[in-house]
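Quick notes on the structure that follows.
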Amino acid sequence: MIKYSLTVNKMLQWYEILIIILGSIIFIYVLGFIVNLGFVTTFKRKINQHRKAIIIILTQKREALFNLIEIMEKNGLNVDPRYFALLQDIDIKIFEAFYSLEAKKSRETLSYVKQDLIGIANKSASFQKNEEYKLSALSIASLDEQFRYLVAVYNADVIGYNYWIKFKPYAYIFLLNKSEKKDLMS
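Residues in the sequence shown are numbered consecutively from 65, following my numbering.
Here's what the structure looks like:
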């Protein structure tokens with residue numbers, strides 16, 4: 065009488081074991097690359113969103129400073145015409161260059177004009193009580209706060225992006241794809 069066994073006691077050959085090991089390694093590598101690619105694209109999308117928001121904030125700050133000059137002149141404070149000229153010289157399209165020297169100078173000019181105008185306004189006790197001035201100063205302070213926050217978040221995302229494109233097992237793929245390291249914003 066022949067007994068049939070439901071189990072097969074077959075040993076795997078060495079090449080079958082090697083194929084399973086190599087297949088597992090390749091699967092893990094590809095899975096890791098997909099995760100890495102997900103991080104890179106997420107950071108890239110976030111960086112672009114923050115960049116657009118920063119440009120909008122800088123444009124709004126420029127307009128708020130024009131508004132402050134108008135309020136100051138309307139209430140009899142003498143404002144040097146060079147502040148108006150400095151603001152007019154700032155082309156908002158320059159902000160889109162972001163890392164360019166002109167964009168950095170424009171951001172510095174906005175800060176300089178803001179500090180000087182607020183300083184002039186604070187010298188007049190009666191003007192400080194003006195409701196239009198209070199609203200304008202509050203608006204400018206809010207824009208500054210939003211700008212600092214956006215720059216901090218932007219820089220954090222740039223650090224994350226730069227980390228993931230330089231992650232050793234996959235760095236050469238991003239190098240071949242011409243993914244460049246991004247600079248921090250100061």
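Here a beta-carbon is modelled for each residue, glycine too, at the ideal position from N, C-alpha and C.
Quiz item: Would you call the CB atoms of K110 and D221 closer than 8 angstroms?
Solution: What you label residue 110 is simply residue 46 of the sequence shown in a count that begins at 1. What you label residue 221 is simply residue 157 of the sequence shown in a count that begins at 1. Yes, these two residues count as a Cβ contact at 8 angstroms.
Quiz item: What residue does the alpha helix (DSSP H) around I223 start on, and which one ends it?
Solution: Within the sequence shown, the letter at position 159 stands for residue 223. Residues E195 to I229.
Quiz item: Candidates N131, E134 and S170: which alpha carbon is nearest L150's?
Solution: On the sequence shown, position 86 is the one that residue 150 refers to. Ranking the options by Cα distance to L150, first place goes to S170.
Quiz item: Which residues mark the beginning and the end of the alpha helix (DSSP H) in which F162 is found?
Solution: Walking along the sequence shown from the start, residue 162 turns up at place 98. Looking at the DSSP string, F162 is not in any alpha helix (DSSP H), and its letter there is neither H nor E.
Practice problem: Give me the Cβ distance between L207 and K125, rounded to the nearest whole Å; I'm assuming they're in contact under 8 angstroms. | Solution: Residue mapping note: residue 207 aligns to position 143 of the sequence shown, counting from 1. Residue mapping note: residue 125 aligns to position 61 of the sequence shown, counting from 1. Going by Cβ atoms, the distance from L207 to K125 rounds to 5 angstroms, so yes, they are a contact pair.
Quiz prompt | Given 8 angstroms, three or more beta-carbon pairs between the segment 102-109 and the segment 195-212 | solution = Cβ pair count under 8 angstroms is below three, so no.
Practice problem: Tell me whether the beta-carbon of L214 lies closer than 8 angstroms to the beta-carbon of H114. | Solution: Walking along the sequence shown from the start, residue 214 turns up at place 150. Walking along the sequence shown from the start, residue 114 turns up at place 50. Contact: yes.
Exercise. Inspect the beta-carbon positions of F107 and Y234 and report whether they are closer than 8 angstroms.
Key: The residue given as residue 107 occupies position 43 in the sequence shown. The residue given as residue 234 occupies position 170 in the sequence shown. It is not a contact, given that the beta carbons lie outside the stated cut-off.
Quiz item: Hey, Y147 and L199 are a contact pair by Cβ (cut 8 angstroms); roughly how many whole angstroms apart?
Solution: Stepping through the sequence shown from its first residue, residue 147 is reached at position 83. Stepping through the sequence shown from its first residue, residue 199 is reached at position 135. Here Y147 is actually not in contact with L199; their C-beta atoms are around 19 angstroms apart, not less than 8 angstroms.
Practice problem: Check whether the segment 125-143 touches the segment 172-186, counting contact only when three or more Cβ pairs, one atom from each stretch, lie closer than 8 angstroms. | Solution: With the cut-off at 8 angstroms, the segment 125-143 and the segment 172-186 touch.
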